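J.: Sending over a structure as structure tokens; questions will come in a sec.
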Amino acid sequence: MKIIDNFLEDDFFNHIQELFTYQISYKYGQKSAPGEEGNIFMVAYLNIEEPLLKYIANKITMKTKSSFTGCYANLQFNGMSGDWHTDPGDFTAILMLSKTLEQGSGQFQIKTPKESVDFVSNRLVVFKANKKHRGLAPKEINVPRITLTFKSANS
């Protein structure tokens, strides 16, 4: 797992944070593993070819040497934790978009070996997609946990 803090330049990050907090429409009904029992949260499916997203994907590629082919945003509130799951492709990159949460709130977790990453605004987490992982909901009430997720293709 690779963690990069302050991944995007401040002005650009503030613009992206505002966009994904107040202007993007999310759909309720997303599960970590579609078709299986589990908690429900919100998702916005995105076009990675849009200029802002392509810029972020290219920046991730320069740091990781992996190319990314798809992206979406997740929105969770208290009680909307994700469930353990794996992703298709080789790598997944998650950019933490909303405001930094209290320590231990909204953590990103990998099951084996057990690893937990606190939710820090503008933090990028890149990991092998075949590792079981989940995103915990925020402990705070009426405070969103928003992530922008990029998926790589299989090599």
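Each residue of the sequence shown is one higher than the one before, counting from 201 in our numbering. In this text, a Cβ means the ideal position worked out from N, Cα and C, and glycines have one as well. Since we're looking at a predicted model, the values are computed, not measured.
Over the uninterrupted alpha helix (DSSP H) stretch that includes LEU219, give me the two end residues.
T.: Unbroken alpha helix (DSSP H) run through LEU219: 210 to 222.
J.: How long is the line joining the alpha carbons of LEU295 and PHE319, rounded to whole angstroms?
T.: Using only the alpha carbons, I get a separation of about 10 Å.
J.: Mind the definition here: the region 217 to 229 touches the region 303 to 319 only if three or more C-beta pairs lie below 8 Å; say whether that holds.
T.: Result no; under three Cβ-Cβ pairs closer than 8 Å.
J.: Which value, in whole angstroms, describes the spacing of the CA atoms of LYS339 and GLU302?
T.: Approximately 8 Å between the Cα atoms of the pair.
J.: By DSSP, does ASN156 sit in helix, in strand, or in coil?
T.: No statement about residue 156 is possible, as the shown extent of the chain runs from 201 to 355 and does not include it.
J.: Can you check DSSP and say which residues form a bridge with VAL317?
T.: PHE308, per the DSSP bridge assignment.
J.: Got a sec, what are the start and stop residues for the beta strand (DSSP E) TYR226 sits in?
T.: That residue, TYR226, is in no beta strand (DSSP E); it is neither H nor E in DSSP.
J.: What are the boundary residues of the alpha helix (DSSP H) that includes LYS339?
T.: Careful: LYS339 lies outside any alpha helix (DSSP H) and carries neither H nor E.
J.: To which residues of the same chain is PRO288 closer than 8 Å at the C-beta, ignoring the five residues directly before and after it?
T.: So the list reads ALA329, LYS351, ASN354, once near-sequence residues are dropped.
J.: Quick one: grab the DSSP three-state call for THR261.
T.: Helix.
J.: From ILE204 to SER321, what distance separates their C-alpha atoms?
T.: Cα to Cα, the separation comes out at about 11 Å.
J.: Using three-state DSSP, classify ILE346 as helix, strand or coil.
T.: Of the three classes helix, strand and coil, the one that applies to ILE346 here is strand, per DSSP.
J.: Count the other CB atoms within 10 Å of the CB of ALA233; is the residue buried (16 or more) or exposed (fewer)?
T.: Counting Cβ neighbours within 10 Å, ALA233 comes out exposed, since fewer than 16 surround it.
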